[in-house]
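Here's the structure we're looking at; comments come further down.
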Amino acid sequence: MGETSAKLRLIFDLIQKEAGVYLFDEFDAIGGERSMDNDVGEMRRVLNAFLQFIEQDLSDSIIVAATNSPKLLDRALFRRFDDVLYYDQPASTERKRLMQNVLVGFLASKFVWKVVLAESG
Numbered sequence: 001m002g003e004t005s006a007k008l009r010l011i012f013d014l015i016q017k018e019a020g021v022y023l024f025d026e027f028d029a030i031g032g033e034r035s036m037d038n039d040v041g042e043m044r045r046v047l048n049a050f051l052q053f054i055e056q057d058l059s060d061s062i063i064v065a066a067t068n069s070p071k072l073l074d075r076a077l078f079r080r081f082d083d084v085l086y087y088d089q090p091a092s093t094e095r096k097r098l099m100q101n102v103l104v105g106f107l108a109s110k111f112v113w114k115v116v117l118a119e120s121g
């Protein structure tokens, strides 16, 4: 087992011992489609290890994997998770409202909202 897979084993050992919510952010970094041309052998082994660990998981923990690129994920991952949730990017008015809520107590009226509400890409 490679170093990354061994560390993943340690994480799943902890998941078994300590119930909690465990977040794997930017999951496409290790959860990419195994048949892709740019596949690296070690990452394929890490993904295979993750699939095995999650298949064997009987803990009370919640495992969350997040990505901005769900189309890049290996299809086998979708079969291992109980739920798959998709969230659209909020519209500019929603982003402004979110920022105003976060910035309560600051002089938010002085912000240059065109900069704050810039579109991605």
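Position 18, counted from 1, in the sequence shown is what UniProt numbering calls 18; the numbers after and before it change by one each time, with no gaps.
Cβ coordinates follow ideal geometry from the N, Cα and C atoms, glycine included.
Bear in mind the structure is a predicted one, so any value in this text is a computation, not a measurement.
- Query: Assuming A19 and S61 make a contact with CB atoms under 8 Å, what is their CB distance in whole Å?
  - Reply: 5 Å
- Message: Which residue marks the beginning of the alpha helix (DSSP H) containing V102, and which one marks its end?
- Response: S92 to V102
- Message: Rounded to whole angstroms, what is the Cα-Cα separation between A91 and R45?
- Response: 39 Å
- Message: With DSSP as the reference, identify every bridge partner of I62, one or two as the case may be.
- Response: V21
- Task: Return the bridge partner residues of G73 from the DSSP annotation.
- Result: For the sequence presented, residue 73 should be read as Leu rather than Gly. Answer is G32, bridged to L73.
- Query: Between N48, Y87 and K17, which lies nearest to R75 when the distance is taken from Cα to Cα?
  - Reply: N48
- What is the C-beta distance between T4 and E42, in whole angstroms, given that I count them as a contact (C-beta under 8 Å)? 7 Å
- Task: Report buried or exposed for L77, applying the criterion of at least 16 other Cβ atoms within 10 angstroms of its Cβ.
- Result: buried
- Residue interval of the alpha helix (DSSP H) (run including F50): G41 to Q56
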